[in-house]
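Using full-length UniProt numbering, the letters of the sequence shown map in sequence onto residues 1 to 189. Glycine included, C-beta positions come from ideal geometry on N, C-alpha and C. Bear in mind the structure is a predicted one, so any value in this text is a computation, not a measurement. Following: one structure in structure tokens, then a few remarks.
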Amino acid sequence: MTITAVHGIANHLCGRSPKQGAAELAGQWQPRLQQGFTAVGLDDPQLPTLHVAYYAHHTQAAEQQATVPDLLSIDEREQSFVIAWALALCSPTLQEQQGLITAPLRQVLSWISRRRNIPIKVVIRLAVQLAGEVHRYLHVPQVRAAARSAMTESIRQVRPKVVLAHTPSAQSSRTRLSMHTRNWPWTAS
């Protein structure tokens, strides 16, 4: 059996071709898949082969890779994403939530840094990268089309029994599956 995993954001592997990126992610995730199967008593030697539908090269902005991430470089949509990410990431109390929604972005990221014990520079770099990647996927039609095409082609070539997709790729994967798997039984959850 073959499983195709469609990665989410923050999976771009610099300096690798899409094929190399897919193979590297599959290599990283295969042992975890093995552990999961073993944990539930499915340590059969015929474990599924894991294939990754890699599209991260389409959502990266070349000019941002070379520069130091700066909060001033992100627009309002991206700022909204970062705040939503912060709220989801750290499960704030209602009082914290109300303050974070209206706080300046740097203050929100400082809160994550303190709460998760991660250096603020790392949090800022990650926030800027994630916000840009999500923005390009959702709001730049050519980027979204290229990413979806990469997913479609991967699913078409591999014809997996199972597709695991992480947002924002889950909806795209569902769409791609419906185009190429009319006779396959599948469930979206």
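Inset, instruction - Note down the Cα distance separating Lys121 from Arg156, rounded to an integer number of angstroms. - result: Taking the first residue of the sequence shown as position 1, residue 121 is located at position 121. Taking the first residue of the sequence shown as position 1, residue 156 is located at position 156. The alpha-carbon separation between Lys121 and Arg156 amounts to approximately 40 Å.
Legend entry - Same chain, Cβ closer than 6 Å to Ala56, neighbours up to 5 away in sequence not counted: Within the sequence shown, numbered from 1, the residue matching residue 56 stands at position 56. Spatial neighbours of Ala56 in its own chain (CB-CB distance under 6 Å, excluding positions within 5 residues in sequence) are listed in chain order as Asn11, His12.
Inset, instruction - Go to Thr38, then tell me how far its beta strand (DSSP E) extends in each direction, as first and last residue. - result: On the sequence shown, residue 38 is found 38 positions in, with the first residue counted as 1. Segment 18-39 is the alpha helix (DSSP H) holding Thr38; no beta strand (DSSP E) there.
Inset, instruction - Can you have a look at Leu50 and say buried or exposed, based on whether 16 or more other CB atoms are within 10 angstroms of its CB? - result: Taking the sequence shown and counting its residues from 1, the one referred to as residue 50 is at position 50. Leu50 should be labelled buried.
Inset, instruction - Would you tell me roughly how many angstroms separate the C-alpha atoms of residue 276 and Ile3, rounded to the nearest one? - result: Nothing about residue 276 can be read from this structure; the chain reaches only from 1 to 189.
Inset, instruction - May I ask you to report which of helix, strand or coil DSSP gives residue 193? - result: Given a span of 1 to 189 for the chain in the structure shown, any question on residue 193 remains unanswerable.
Inset, instruction - Check whether the region 78-86 touches the region 127-136, taking contact to mean three or more Cβ pairs, one atom from each stretch, closer than 8 Å. - result: Output reads yes: the region 127-136 touches the region 78-86.
Inset, instruction - Return the CA-CA distance between Gln95 and Glu78, expressed in angstroms with no decimal places. - result: Position 95 of the sequence shown, counting from 1, holds the residue named residue 95. Position 78 of the sequence shown, counting from 1, holds the residue named residue 78. Whole-angstrom Cα-Cα distance: 24 Å.
Legend entry - Beta-ladder partner(s) of Leu50, from DSSP: Here the question's residue 50 lines up with position 50 in the sequence shown. Beta-bridge pairing links Leu50 to Ile3.
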